[in-house]
Amino acid sequence: MKAEVDPNVIVYFGGEYIPLRDARVGILTHALHYGTGVFEGIRAYWDEAAQELFVLRPVEHFERWKQNCGILRIEVPATPEELTAITVELMRRNHFRTNVYVRPLAYKSAERVGVCPDDQDAFALIALPFGDYLHADKGLHAGVSSWRRIEDNAIPARAKVCGAYVNSALASDDAHRNGYDEAILLDESGHVAEGSTCNLFMVRKGTLITPPVHGNVLEGITRDCVMQLARRELGLQVVERLIDRSELYICDELFLTGTAVGVEAVVRVDHRPVKDAAMGATTRALRELYFDAARGHLEAYRQWLVPVGGMRAGTESGPERVTVSLVS
Ligand SMILES: Cc1ncc(COP(=O)(O)O)c(C=O)c1O
Numbered sequence: 003m004k005a006e007v008d009p010n011v012i013v014y015f016g017g018e019y020i021p022l023r024d025a026r027v028g029i030l031t032h033a034l035h036y037g038t039g040v041f042e043g044i045r046a047y048w049d050e051a052a053q054e055l056f057v058l059r060p061v062e063h064f065e066r067w068k069q070n071c072g073i074l075r076i077e078v079p080a081t082p083e084e085l086t087a088i089t090v091e092l093m094r095r096n097h098f099r100t101n102v103y104v105r106p107l108a109y110k111s112a113e114r115v116g117v118c119p120d121d122q123d124a125f126a127l128i129a130l131p132f133g134d135y136l137h138a139d140k141g142l143h144a145g146v147s148s149w150r151r152i153e154d155n156a157i158p159a160r161a162k163v164c165g166a167y168v169n170s171a172l173a174s175d176d177a178h179r180n181g182y183d184e185a186i187l188l189d190e191s192g193h194v195a196e197g198s199t200c201n202l203f204m205v206r207k208g209t210l211i212t213p214p215v216h217g218n219v220l221e222g223i224t225r226d227c228v229m230q231l232a233r234r235e236l237g238l239q240v241v242e243r244l245i246d247r248s249e250l251y252i253c254d255e256l257f258l259t260g261t262a263v264g265v266e267a268v269v270r271v272d273h274r275p276v277k278d279a280a281m282g283a284t285t286r287a288l289r290e291l292y293f294d295a296a297r298g299h300l301e302a303y304r305q306w307l308v309p310v311g312g313m314r315a316g317t318e319s320g321p322e323r324v325t326v327s328l329v330s
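FYI, the numbering for the sequence shown is 3 to 330, going by this note's numbering.
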């Protein structure tokens, strides 16, 4: 995610819609020093044929965000539905006609020194035009990281806590410097956890296998989409169980899932080919199903989507405080 960012893009900050260049925090902000923030990542996909932008499962993302904020005792004073409405308003104000990435961020905002947090919280929503994250048309080469995944009793991996992403950053940096596209992290027991910012699936003998939610992984929403699609559309058996490192070397297919990544094949691990080093049939089918669902092409999954064009905006208290109501 290293694309240039337009400073004029409109963001939601301090309860107002303002240009990104004016959204600033002080140098002593608690979250900046101690990592005491919780973020989310949400995608909206532009469908050219329908001339429509679809936000993918925003209510579930905001529900997860608010639950995870609760782990850090951060209060977000809005419901998932209200946060969805703000998100849609951001799309409108920015006139986006392209794929978009939305980054909600809630954080401990007191400006002082001292690690023990108090109850001063703030949140922002930032929406940015966004292309492919890993650019993986040919499939990825992943490397097992020497960094271990954080444990639930240290910093919960299921929460997108800002400070916890030092773990992902260390692994990702090492992977890239060592010539890999992505890192695969093991947990302290030596079992496979996930990628630096994505969940992991493998196919063995026709069964789809992924680490369980108590395996120090983020409870991914894309992971859930893929599990639903695999069961309902492909009739696959989906098993949540621990995965050994050596299974990565002998499995039939391997792929990563995440809001930013989408569904991307891993075709080599630690310089070993996964099967014949090409995207497998199950990965390809799930990838197509996922992107079809995300663009509104699968009627059965339309309830995952909030169409931006299907929202009606009405101003309640001036142009900078807009109330948006769902009409779909
Ligand atoms: C560590 C980690 N695992 C998995 C995921 C995938 O989760 P989701 O599919 O909800 O984006 C992400 C990204 O959000 C992540 O940061």
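Using N, Cα and C, we set each Cβ at its ideal position, and we do this for glycine too. Model, not experiment: these values are computed from the prediction.
Span of the beta strand (DSSP E), counted from its first residue to its last, around residue i
{"i": "Ser148", "result": "Leu142 to Arg150"}
{"i": "Gln239", "result": "Gln239 to Glu242"}
{"i": "Val265", "result": "Gly264 to Val271"}
{"i": "Thr259", "result": "Glu255 to Gly260"}
{"i": "Val168", "result": "That residue, Val168, is in no beta strand (DSSP E); its alpha helix (DSSP H) goes Tyr167 to Arg179."}
Extent of the continuous alpha helix (DSSP H) run through residue i
{"i": "Asn96", "result": "Pro82 to Asn96"}
{"i": "Leu74", "result": "No alpha helix (DSSP H) contains Leu74, which DSSP labels as neither H nor E."}
{"i": "Leu291", "result": "Ala283 to Ala296"}
{"i": "Arg225", "result": "Ile223 to Leu236"}
{"i": "Tyr36", "result": "His32 to Tyr36"}
{"i": "Leu250", "result": "Glu249 to Ile252"}
Residues near residue i in its chain [Cβ-Cβ closer than 7 Å; skip 5 each side]
{"i": "Gly260", "result": "Thr199, Cys200, Asn201, Gly222 and Thr224"}
{"i": "Phe41", "result": "Arg105, Pro106, Leu107, Lys162 and Cys164"}
{"i": "Arg233", "result": "Val240"}
{"i": "Ala173", "result": "Ser147, Trp149, Ala185, Leu187 and Ser198"}
{"i": "Asp8", "result": "none"}
{"i": "Val205", "result": "Cys253, Asp254, Glu255, Gly282 and Thr284"}
{"i": "Arg95", "result": "Ile12 and Tyr19"}
{"i": "Ile245", "result": "His193, Val194, Met204, Ile211 and Pro213"}
{"i": "Ile157", "result": "Val163, Gly165 and Ala166"}
Residues near residue i in its chain [Cβ-Cβ closer than 6 Å; skip 5 each side]
{"i": "Ile44", "result": "Pro60, His63 and Val104"}
{"i": "Ser319", "result": "Annotation note: pLDDT 32 at Ser319 (below 50); position unreliable, no value reported."}
{"i": "Pro321", "result": "Reliability of the predicted coordinates at Pro321 is poor, the pLDDT of 32 falling under 50, and no value is obtained from them."}
{"i": "Arg274", "result": "Tyr251"}
{"i": "Leu300", "result": "Asp294"}
{"i": "Pro214", "result": "Glu242"}
{"i": "Thr100", "result": "Trp48 and Pro131"}
{"i": "Asp120", "result": "Ala112"}
{"i": "Thr81", "result": "none"}
Simplified DSSP assignment, three categories, for residue i
{"i": "Val11", "result": "coil"}
{"i": "Ile186", "result": "strand"}
{"i": "Leu300", "result": "coil"}
{"i": "Pro309", "result": "strand"}
{"i": "Val215", "result": "coil"}
{"i": "Glu62", "result": "helix"}
{"i": "Glu18", "result": "strand"}
{"i": "Asn70", "result": "helix"}
{"i": "Asp139", "result": "coil"}
{"i": "Asp121", "result": "coil"}
{"i": "Arg23", "result": "helix"}
{"i": "Glu6", "result": "coil"}
{"i": "Pro321", "result": "Note that Pro321 has pLDDT 32, beneath the 50 cutoff, so the model's placement of it is unreliable and the number below is only indicative. In this structure, Pro321 counts as coil in the three-state DSSP scheme."}
{"i": "Arg314", "result": "At Arg314 the pLDDT is 44, less than 50, meaning the model places this residue with poor confidence and gives no usable figure here."}
Cβ of residue i within 9 Å of any chain B Cβ
{"i": "Glu113", "result": "No chain B appears in the structure shown, which is made up of a single protein chain."}
Residues bridged to residue i (per DSSP)
{"i": "Gly39", "result": "Tyr109"}
{"i": "Val205", "result": "Leu210 and Glu255"}
{"i": "Asp49", "result": "Glu54"}
{"i": "Ile44", "result": "Val104"}
{"i": "Ser197", "result": "In the sequence as displayed, the identity of residue 197 is Gly instead of Ser. Bridge partners of Gly197: Ile186."}
{"i": "Leu127", "result": "Tyr14 and Pro106"}
{"i": "Arg274", "result": "Val271"}
Cβ shell of residue i (< 8 Å), same chain only, five flanking positions each side left out
{"i": "Glu84", "result": "none"}
{"i": "Val168", "result": "Gly37"}
{"i": "Thr209", "result": "Leu238, Gln239, Val240 and Val241"}
Inspect the CB distances between the region 218-236 and the region 108-119 and report whether three or more fall short of 8 Å. Flag = no, the region 218-236 and the region 108-119 do not touch.
Three or more C-beta pairs below 8 Å linking the region 144-154 and the region 58-76: Contact between the region 144-154 and the region 58-76 is not established, with fewer than three Cβ pairs separated by less than 8 Å.
Decide yes or no for the touch test of the region 246-259 against the region 268-285: beta carbon pairs closer than 8 Å, at least 3 of them. Using a Cβ-Cβ distance cut-off of 8 Å, the region 246-259 and the region 268-285 are in contact, since at least three pairs of beta carbons, one from each stretch, lie closer than that value.
Three or more C-beta pairs below 8 Å linking the region 47-59 and the region 29-38: No, the region 47-59 does not touch the region 29-38.
Determine contact between the region 9-16 and the region 72-83, defined as no fewer than three beta-carbon pairs at a distance below 8 Å. Verdict: no, contact absent.
Between the region 270-284 and the region 20-35, do three or more beta carbon pairs fall short of 8 Å? No: the two stretches stay apart, fewer than three of their Cβ pairs being nearer than 8 Å.
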